[in-house]
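Engineer: Have a look at this one before I ask anything.
Residue numbers (our numbering): 25 to 236.
Okay, here's the thing in structure tokens:
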């Protein structure tokens, strides 16, 4: 790091400031005192040419320097954005809280969008149970999907490259909803069986006590 000062009266202050820093830091900093021309000579001795400096030989800011630097920054940002878009190639960087994630395990089940799906499945379950044909059940699943999409939901799956997510095909979304209905029905049957078993056990215990 090269620091230039045009007023030599700053030297005592600079020396005190530098002495307060560790030697490792002082070795990284070069202080130059003198006129603008003298400082340019000092910098030239370190291989820093005048063309690399933002100021001309007269000490004034070079015309158009700011605009040139701004254009370079904008061009670099555009190149980075283009490279990022090419890398993603339609991949969704991250899901929103409204999205439904396709996957197994607690993290997926507890995701807000998946919780919202489960609530809607519970709401539509009575209607789903009354449906007598596969076509009718599929129509209910499509109705659930449409309502979720109206709320901003997408059915997403993790991209195989692990750099983001992609929206699944409609048939996969329907299967996701249909599986939710089946899982809920299975849980209901297990719960009812468990309650019935407990009632039977209780009744047998009461009958045995009366016989005694």
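No residue lacks a Cβ here, since even glycine has one placed at the ideal position from N, Cα and C. Since the model is a prediction, treat every value here as computed from it, not as a measurement.
Going by DSSP in three states, residue 52 sits in which element: helix, strand or coil?
Structural biologist: Three-state DSSP puts residue 52 in coil, outside helix and strand.
Engineer: At what residue ranges does the stretch 96-139 contain a whole run of the alpha helix (DSSP H), taking only runs of 4 or more?
Structural biologist: Whole alpha helix (DSSP H) segments, 4+ residues: 130-133.
Engineer: Under 6 Å Cβ to Cβ from residue 178, same chain only, skipping five residues before and after it: list those, please.
Structural biologist: The answer, listed in chain order, is 123 and 191.
Engineer: With C-beta atoms as the reference, is residue 132 less than 8 Å away from residue 141?
Structural biologist: Not a contact, by the Cβ cut-off of 8 Å.
Engineer: Against chain D, does residue 139 count as a neighbour if the rule is that its beta carbon must be under 8 Å from one of theirs?
Structural biologist: Reference to chain D is not applicable here, since this structure consists of a single protein chain.
Engineer: Closer than 8 Å by C-beta to residue 168: which residues in its own chain qualify, once you throw out the five before and the five after it? Chain order, please.
Structural biologist: Closer than 8 Å at Cβ, skipping near neighbours: 141, 144, 145, 148 and 201.
Engineer: Go ahead and label residue 164 buried or exposed: buried means 16 or more other beta carbons lie within 10 angstroms of its beta carbon, across all protein chains shown.
Structural biologist: Flag for residue 164 reads buried.
Engineer: Can you say whether residue 64 is buried or exposed, counting buried as having 16 or more other CB atoms within 10 angstroms of its CB?
Structural biologist: By the 10 Å Cβ count, residue 64 comes out buried.
Engineer: Taking the continuous beta strand (DSSP E) assigned at residue 62, which residues delimit it?
Structural biologist: Element bounds for residue 62: not the beta strand (DSSP E) but the alpha helix (DSSP H), 60-69.
Engineer: Do residue 66 and residue 56 have their beta-carbon atoms positioned less than 8 Å apart in this structure?
Structural biologist: Against a cut-off of 8 Å, the Cβ pair of residue 66 and residue 56 comes out as a contact.
Engineer: Among 102, 135 and 128, which has the Cα closest to the Cα of residue 118?
Structural biologist: The shortest C-alpha separation from residue 118 is found at 135.
Engineer: Just grab the DSSP bridge partners of residue 180 for me.
Structural biologist: Paired residues: 125 and 191.
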